[in-house]
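Protein chains: 2
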Amino acid sequence: MAKAASTDSKQSLTVEDWAQAALDAMAAGGLEAVAVEPLARRLGVTKGSFYWHFQNREALVRAALERWERRETEEVMARVGDEPDPYDRIVKVFKEANAGYRSGRLYLAIAAAEDHPMVQEFVRRVSERRLNYLVECYEALGFDPARARHWARFAYATFMGNLQIRRDTPDLMPTGQPFNDYLKLMIKTLIPREAAEMGAEERPRAASVPRNGRV
Amino acid sequence: MAKAASTDSKQSLTVEDWAQAALDAMAAGGLEAVAVEPLARRLGVTKGSFYWHFQNREALVRAALERWERRETEEVMARVGDEPDPYDRIVKVFKEANAGYRSGRLYLAIAAAEDHPMVQEFVRRVSERRLNYLVECYEALGFDPARARHWARFAYATFMGNLQIRRDTPDLMPTGQPFNDYLKLMIKTLIPREAAEMGAEERPRAASVPRNGRV
DNA sequence: GCAACACCATACGGTAGCGTACTGATGGAC
DNA sequence: GTCCATCAGTACGCTACCGTATGGTGTTGC
Chain G
1 MAKAASTDSK QSLTVEDWAQ AALDAMAAGG LEAVAVEPLA RRLGVTKGSF YWHFQNREAL
61 VRAALERWER RETEEVMARV GDEPDPYDRI VKVFKEANAG YRSGRLYLAI AAAEDHPMVQ
121 EFVRRVSERR LNYLVECYEA LGFDPARARH WARFAYATFM GNLQIRRDTP DLMPTGQPFN
181 DYLKLMIKTL IPREAAEMGA EERPRAASVP RNGRV
Chain X
1 MAKAASTDSK QSLTVEDWAQ AALDAMAAGG LEAVAVEPLA RRLGVTKGSF YWHFQNREAL
61 VRAALERWER RETEEVMARV GDEPDPYDRI VKVFKEANAG YRSGRLYLAI AAAEDHPMVQ
121 EFVRRVSERR LNYLVECYEA LGFDPARARH WARFAYATFM GNLQIRRDTP DLMPTGQPFN
181 DYLKLMIKTL IPREAAEMGA EERPRAASVP RNGRV
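These protein sequences, in sequence, are chains G and X.
Note that our numbering gives residue 65 to position 65 of the first sequence, counting from 1, and the numbers run on in steps of one.
Note that our numbering gives residue 142 to position 142 of the second sequence, counting from 1, and the numbers run on in steps of one.
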């Protein structure tokens with residue numbers, strides 16, 4: 001029997017196991033839910049185990065946030081980074097963000113702990129990285145830096161807000177075809193075709209890649 | 001040393017005083033920060049006072065949320081509802097939302113308590129009302145109901161996301177003239193002039209009111 | 001002046017979680 | 001088999017907060 005079954009009982013917990021459990025708890029109940037004894041109960045052990053792996057609760061929170069940042073950066077970014085066309089990159093990011101609800105929910109839960117200085121640092125880095133990625137996409141579309149940053153922030157704000165709506169008031173978010181229409185509207189609006197909207201229209205739009213119309 | 005009440009030392013606390021203090025605590029530290037004993041200390045009294053006014057902590061939370069909903073509806077809505085032109089109404093809402101940071105911060109703090117069923121209910125009502133208000137504005141601009149709802153949700157998501165950005169990563173939000181440019185871009189994008197964008201362009205745009213260009 | 005009420009203080013028991021000290025079990029090196 | 005590092009269990013003290021019981025004080029009606 002292999003040892004790596006996530007749910008199956010391994011005979012020894014690792015730091016990563018605790019960190020993942022902490023992230024799960026965060027997604028479910030915020031930073032306050034990252035409590036040593038409840039987590040130990042959930043993992044089927046006692047505090048004695050925890051305090052062998054970590055110095056204290058803060059160390060667990062740090063480990064969880066590091067795991068979060070690593071996954072957020074490596075997985076999400078790398079999964080969409082191979083798209084050659086910047087237009088399709090933005091579209092892909094947007095769709096990922098609106099489909100993969102789990103990751104967004106975790107972000108909201110973490111960001112809600114605004115007072116915690118360490119959390120604040122991680123959130124700042126992750127957000128900055130995501131926004132800069134979008135800025136680069138818009139610049140690749142031909143926008144000058146200032147306008148690219150405005151459009152990127154605009155788009156980022158929009159899908160953050162969509163996350164919020166979906167979490168707080170799922171009834172207000174459409175499903176099925178209306179949702180596709182909604183997505184299409186946002187994409188069409190947030191990625192204007194007229195590149196920089198001020199000269200620079202000689203640019204060939206970089207789109208030798210066909211734009212597949214599935215929305 | 002005075003009694004350190006919020007404004008001036010009254011000699012008797014009211015239910016509304018407690019509710020306001022609870023809202024302040026929420027804005028600062030989320031729902032978890034609404035704790036009886038810390039609040040009592042902050043108001044310069046002891047628990048004995050609290051449990052005379054309220055049955056328990058839940059009753060305080062309910063009172064605070066009721067106060068929040070009432071203010072959110074009556075004040076915010078009524079402050080912008082006298083604007084005759086729907087275009088300017090949306091602009092006004094958008095500017096209010098991006099300027100009045102305090103109210104938005106409170107919303108984010110309250111909405112973060114997604115697990116609490118009572119909070120969920122209040123958040124749902126407030127969000128629904130705000131979105132419906134925007135929907136009506138877009139319909140007044142000539143959009144058919146489906147498109148109006150999409151545009152309204154789009155705009156609502158955007159300024160919710162702007163709130164989130166401003167709270168989590170204030171460095172990513174511009175100030176001064178760049179912020180005005182950003183706001184102008186969003187307003188121009190989120191309130192398309194071509195009314196319903198599909199026929200219905202014979203409508204006179206309802207704008208006999210002059211559009212003041214201060215952005 | 002004094003009873004009745006409104007409002008608050010004090011004291012208590014209970015629970016949940018943090019962190020520490022110490023003991024116990026288990027598996028691999030030799 | 002023995003030893004030692006690794007990992008986990010048990011027990012304890014500490015703090016923060018909830019809720020209750022009960023007594024105290026200022027104000028008001030009369």
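Note that the Cβ used here is the ideal one computed from N, Cα and C, for glycine as well.
Proximity to residue i [Cα-Cα], best of the options
{"i": "Asp17(G)", "options": "Val91(G), Gly29(G), Leu60(G)", "result": "Leu60(G)"}
{"i": "Asn98(X)", "options": "Tyr156(X), Ser49(X), Ala28(X)", "result": "Tyr156(X)"}
{"i": "Gln55(G)", "options": "Ala148(G), Val93(G), Val15(G), Arg42(G)", "result": "Val15(G)"}
{"i": "Pro170(X)", "options": "Ala111(G), Leu134(G), Ile187(G), Leu185(G)", "result": "Ala111(G)"}
{"i": "Val135(X)", "options": "Arg149(X), Asp115(X), Ala28(X), Arg89(X)", "result": "Arg149(X)"}
{"i": "Gly29(G)", "options": "Ala113(X), Glu83(X), Asp181(X)", "result": "Ala113(X)"}
{"i": "Ala22(X)", "options": "Gly48(X), Trp52(X), Gln11(X), Glu66(X)", "result": "Glu66(X)"}
{"i": "Thr46(G)", "options": "Glu69(G), Asp24(G), Leu13(G)", "result": "Leu13(G)"}
{"i": "Thr189(G)", "options": "Gly176(G), Arg166(G), Asp85(G), Val91(G)", "result": "Val91(G)"}
{"i": "Val123(G)", "options": "Glu69(G), Thr175(G), Pro86(G), Met26(G)", "result": "Glu69(G)"}
{"i": "Ala25(G)", "options": "Gly48(G), Pro192(G), Ala109(G), Arg147(G)", "result": "Ala109(G)"}
{"i": "Leu183(G)", "options": "Asn132(G), Glu96(G), Arg102(G)", "result": "Glu96(G)"}
{"i": "Arg89(G)", "options": "Arg105(G), Gln20(G), Glu139(G)", "result": "Glu139(G)"}
{"i": "His53(X)", "options": "Pro38(X), Ala19(X), Pro192(X), Gly100(X)", "result": "Ala19(X)"}
{"i": "Val80(X)", "options": "Tyr133(X), Arg57(X), Gln177(X), Ser103(X)", "result": "Tyr133(X)"}
{"i": "Ala64(X)", "options": "Phe94(X), Leu39(X), Gly44(X)", "result": "Leu39(X)"}
{"i": "Gly44(X)", "options": "Ala27(X), Phe143(X), Gln11(X)", "result": "Gln11(X)"}
{"i": "Pro192(G)", "options": "Gln120(G), Ser49(G), Leu106(G), Ala152(G)", "result": "Ala152(G)"}
{"i": "Pro178(X)", "options": "Gln120(G), Glu58(G), Pro145(G)", "result": "Pro145(G)"}
{"i": "Gln120(X)", "options": "Arg147(G), Asp168(G), Glu121(G), Leu131(G)", "result": "Asp168(G)"}
Integer Cβ distance of residue i from residue j, believed to fall under 8 Å
{"i": "Leu172(X)", "j": "Ser127(G)", "result": "6 Å"}
{"i": "Arg62(G)", "j": "Met118(G)", "result": "6 Å"}
{"i": "Met77(X)", "j": "Gly161(G)", "result": "Incorrect: roughly 20 Å between the Cβ atoms, too far for contact."}
{"i": "Leu185(G)", "j": "Gly104(G)", "result": "Rounded, the Cβ-Cβ distance is 20 Å, inconsistent with contact."}
{"i": "Tyr107(G)", "j": "Arg166(G)", "result": "Not really, about 12 Å apart at Cβ, beyond 8 Å."}
{"i": "Cys137(X)", "j": "Pro84(X)", "result": "Incorrect: roughly 12 Å between the Cβ atoms, too far for contact."}
Where residue i falls: helix, strand or coil (DSSP)
{"i": "Ala207(X)", "result": "Low per-residue confidence applies at Ala207(X): pLDDT is 42, beneath 50, and the placement is therefore not dependable, though the value from the model is reported in the following sentence. If DSSP states are grouped into helix, strand and coil, Ala207(X) belongs with coil."}
{"i": "Ala191(X)", "result": "For clarity, residue 191(X) is Ile in the given sequence; the question names Ala instead. DSSP places Ile191(X) in coil when its eight states are reduced to three."}
{"i": "Glu197(G)", "result": "Any reading at Glu197(G) must be qualified, since the residue scores a pLDDT of 49, below 50, and its modelled position is unreliable; no value is offered."}
{"i": "His53(G)", "result": "helix"}
{"i": "Asp115(X)", "result": "coil"}
{"i": "Pro174(G)", "result": "coil"}
{"i": "Leu23(X)", "result": "helix"}
{"i": "Asp144(X)", "result": "coil"}
{"i": "Thr73(G)", "result": "helix"}
{"i": "Pro38(G)", "result": "helix"}
{"i": "Leu134(G)", "result": "helix"}
{"i": "Gln120(X)", "result": "helix"}
Cβ-heavy atom distance, residue i to the ligand COA, below 7 Å
{"i": "Arg67(G)", "result": "What this structure holds is no ligand at all, so the ligand COA is not there to describe."}
Spell out a yes or no on whether the stretch 70–82 of chain X and the stretch 29–39 of chain X are touching, meaning 3 or more CB-CB pairs, one atom from each, closer than 8 Å.
-> no
Stretch pair the stretch 114–132 of chain G + the stretch 149–166 of chain G: three plus CB contacts closer than 8 Å | yes
Taking a Cβ distance cut-off of 9 Å, strictly less, list which residues of the stretch 163–178 of chain G are near chain X, in chain order.
-> Leu163, Gln164, Ile165, Arg167, Asp168, Thr169, Asp171, Leu172, Met173, Pro174, Pro178
If you measure beta-carbon to beta-carbon, which residues of the stretch 93–127 of chain X are closer than 7 Å to chain G?
-> Ala111, Ala112, Glu114, Asp115, Val123, Arg124, Ser127
Could you name the residues of the stretch 14–44 of chain X whose beta carbon sits closer than 7 Å to any beta carbon of chain G, in the order they occur along the chain?
-> Gly29, Gly30, Glu32
If contact means a Cβ-Cβ distance below 9 Å, which residues of the stretch 73–88 of chain X contact chain G?
-> none
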